[in-house]
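S.K.: Input: one structure, supplied below.
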Amino acid sequence: VTLPSHLTAAEALERLRGLAREVELIYYIYLVDPAARLQGVVTIRHLLLFDPAARLAEIMRRDPVSVRPDDTPERVAEVAEKYNLLAVPVLDAQGKLLGVVTVDDVLTQMTTRAWKWKVGHAP
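Going by the numbering used here, the first residue of the sequence shown is number 509, and it counts up by one from there.
Structure follows, in structure tokens:
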């Protein structure tokens, strides 16, 4: 889920309510500028704990950890483990948010590759 950083916590929660039926899981809210460059990240917990009138730009974690599109599943897993993340944003060279890789995505990719290797090397 992406939102502009000028929203208040209350406005963000209201938008999330509207998205709740469309989105399976919401781990983090990614805050982007008009060019879709990642500015920061907030959690739903942040939205609930901070003053409803607080702007997301004031409460967001700036410079969030990210990966590149060509990073391996192993690299994404390392980043997720090191920073205790459930999802990792994927940015291009200009910092534009291209998508998000969840821990579930990484586990699926890594176990599929391991299984293919194991089957290919069976006695």
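Cβ atoms here follow ideal geometry from the backbone N, Cα and C, with glycine treated the same way.
Would you mind sorting V573 into buried or exposed? The rule is 16 or more other CB atoms within 10 Å of its CB.
M.R.: Against the sequence shown, residue 573 aligns to sequence position 65. Per the 10 Å Cβ criterion, exposed.
S.K.: Report the partner residues of W569 according to the DSSP bridge assignment.
M.R.: Start at 1 with the first residue of the sequence shown, and residue 569 comes out as number 61. The question names Trp, but residue 569 is Arg in the sequence shown. DSSP output for R569 lists V549 as bridge partner(s).
S.K.: Quick one: complete alpha helix (DSSP H) runs, 4+ long, within the segment 511-563?
M.R.: 517-527 and 552-557
S.K.: Between the C-alpha atoms of A520 and I552, what's the straight-line distance to the nearest angstrom?
M.R.: Residue 520 sits at position 12 when you count from the first residue of the sequence shown. Residue 552 sits at position 44 when you count from the first residue of the sequence shown. About 9 angstroms.
S.K.: Going by beta carbon distance, what residues of the same chain come within less than 8 angstroms of H514, once the five residues before and after it are set aside?
M.R.: Reading the sequence shown from its first residue, position 6 is the one you call residue 514. Closer than 8 angstroms at the Cβ level, and outside the excluded window around H514, lie R563, L564 and A565.
S.K.: Buried or exposed, going by whether 16 or more other CB atoms sit within 10 Å of the CB of I567?
M.R.: For the purposes of this step, residue 567 is taken as the residue at position 59 of the sequence shown. Counting the other CB atoms within 10 Å of its CB gives I567 a total of 16 or more, which places it among the buried residues.
S.K.: Counting only the same chain and skipping the five closest in sequence on each side, list residues whose C-beta sits under 8 angstroms from that of L594.
M.R.: In the sequence shown, residue 594 corresponds to position 86, counting from 1. So the qualifying residues of the chain are Y535, Y536, A588, T610 and V611.
S.K.: Please list the terminal residues of the continuous alpha helix (DSSP H) segment that includes A588.
M.R.: Locating residue 588 in the sequence shown gives position 80, counting from the first residue. Here the alpha helix (DSSP H) through A588 covers P581 to K590.
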